[in-house]
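Our numbering numbers the first residue of the sequence shown as 9 and each following residue consecutively.
Ideal placement from N, C-alpha and C gives every residue a C-beta, glycine not left out.
For reference, the structure is listed below as structure tokens.
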Amino acid sequence: MFAVLKTGGKQYKVQAGDVLRVERLAANAGDKVQFNDILMLGGETLTLGVPFVAGAAVQADVIDEIKADKVITFHKRRRKHSSQRTRGHRQKLTLLRVTSILAEGADASGVMAAVGARTKLPAADVVEAPAAAEAAPAKPKRAKKAAEAQE
């Protein structure tokens, strides 16, 4: 049996026992995660989702968090001196081993859903500044010039 799952904006065809590298997930090594966005199930019968197969899931164990190979981009503009730029990037990935493919009953499995890692905190999670900082009197701007003008 195989499944086509969607994660990180990409689609993967997987079978039980496969090892795959996906965009970074919010899970640690040793955790068990479940992918609920299943586009297709295959085997003896083919099941297509519209857009997802209801009740289907793919469960996997997190092996490790790794980085992809470095991608170097080089920009050079003709006829302009010192207009070169080199940039490097290493994408963070999560290494997974697929353990099982569930055709139904994914809601009752109790396994953590696989979600992408957050890069920024939403505005509701931002911690407010202490009240003591707000109570401190603000220094007037141009205090030195104001003092000189008074003399």
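Original post:
In angstroms, rounded to a whole number, what distance separates the CA positions of Leu103 and Gly113?
Top reply: In this model, Leu103 and Gly113 are separated by some 25 angstroms (Cα to Cα).
Original post:
For Ala64, is the classification buried or exposed, using 16 other Cβ atoms within 10 angstroms of its Cβ as the cut-off for buried?
Top reply: Answer is buried; the Cβ neighbour count reaches 16.
Subject >> Gln67 burial status per 10 Å Cβ neighbour count (16 or more: buried) >> reply: buried
**OP:** Quick one: residues in its chain with C-beta nearer than 6 angstroms to the C-beta of Val61, no 5 flanking neighbours on either side, listed in chain order?
**Re:** Taking Val61 as the centre and dropping the five residues before and after it, the same chain places the C-beta of Ile46, Leu49, Thr55 closer than 6 angstroms to its C-beta, in chain order.
**OP:** Would you identify the three-state DSSP class for Gln99, choosing helix, strand or coil?
**Re:** coil
**OP:** Identify, in the order they occur along the chain, each residue of the same chain with its Cβ nearer than 6 angstroms to the Cβ of Gly51, setting aside the five sequence neighbours on each side.
**Re:** Around Gly51: Met9.
Original post:
When you compare only the Cα positions, how much space is there between Ser91 and Thr81?
Top reply: For Ser91 and Thr81, the distance between alpha carbons rounds to 14 angstroms.
Original post:
Where does the unbroken beta strand (DSSP E) through Met48 begin, and where does it stop?
Top reply: That run of the beta strand (DSSP E) goes 46-50.
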